[in-house]
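Chemist:
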Amino acid sequence: MSRPVPDKAEVALEYPDKFYVGTFEHSSRFEARLDGSGVALVLQHPGAADERKSVHLHLNFGLLAGILRELAGSVAGLPKDDIAHREQLAEALDELRRALRTS
């Protein structure tokens, strides 16, 4: 089951001979779940055949943990007065921590 994208995601894929870029906003949907080896993320933008797009990404747990550590190391780059985004991230991480402890 997918949910509406609450904010915005931009995806870019760069190959030697091709470049793909896509934006997923409020009219798009996402699905994120843990599986046996990591996190599966799907971003989907519905519409006519020429507008439809999707991205499927899988991150193994070790890479995800590394990404979270890198994010922690770059928190100083967020403006201190950006309380809303700081709270969004903190609340989501608290919820994930509780779920990991109780499951």
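Using full-length UniProt numbering, read the sequence shown as starting at 1 and increasing by one per residue. Each residue gets a CB set at the ideal place from its N, CA and C atoms; glycine is no exception.
Return the first residue and the last residue of the beta strand (DSSP E) that Gly38 is part of.
Modeler: Here the question's residue 38 lines up with position 38 in the sequence shown. Run containing Gly38: 38-45, per the beta strand (DSSP E) assignment.
Chemist: If you check the beta carbons only, do Gln44 and Arg29 fall under 8 Å apart?
Modeler: Counting from one through the sequence shown, the residue named residue 44 turns up at place 44. Counting from one through the sequence shown, the residue named residue 29 turns up at place 29. Yes, these two residues count as a Cβ contact at 8 Å.
Chemist: Over the uninterrupted alpha helix (DSSP H) stretch that includes Gly62, give me the two end residues.
Modeler: As a first step, residue 62 is located in the sequence shown; it is residue number 62 there, counting from the start. 61-73 is the extent of the alpha helix (DSSP H) around Gly62.
Chemist: Helix, strand or coil for Ala9 per DSSP?
Modeler: For the purposes of this step, residue 9 is identified with residue 9 of the sequence shown, where counting begins at 1. Three-state result, Ala9: strand.
Chemist: So who's on the other strand from Ala92, going by DSSP bridges?
Modeler: The residue you call residue 92 lines up with position 92 of the sequence shown. Per DSSP, none; premise fails for Ala92.
Chemist: Between which two residues does the beta strand (DSSP E) holding Ala76 run?
Modeler: For the purposes of this step, residue 76 is taken as the residue at position 76 of the sequence shown. Neither: Ala76 is in no beta strand (DSSP E) and is coded neither H nor E.
Chemist: Could you tell me which residues DSSP puts in a beta bridge with Arg29?
Modeler: Walking along the sequence shown from the start, residue 29 turns up at place 29. DSSP output for Arg29 lists Pro4, Gln44 as bridge partner(s).
Chemist: If you draw a straight line from the alpha carbon of Ala76 to that of Glu70, how long is it in whole angstroms?
Modeler: The residue given as residue 76 occupies position 76 in the sequence shown. The residue given as residue 70 occupies position 70 in the sequence shown. Near 11 Å, if we compare the C-alpha coordinates of Glu70 and Ala76.
Chemist: Classify Phe19 as buried or exposed, calling it buried when 16 or more other Cβ atoms lie within 10 Å of its own Cβ.
Modeler: The residue labelled residue 19 in the question sits at position 19 within the sequence shown. The residue is exposed, with fewer than 16 neighbouring Cβ atoms inside 10 Å.
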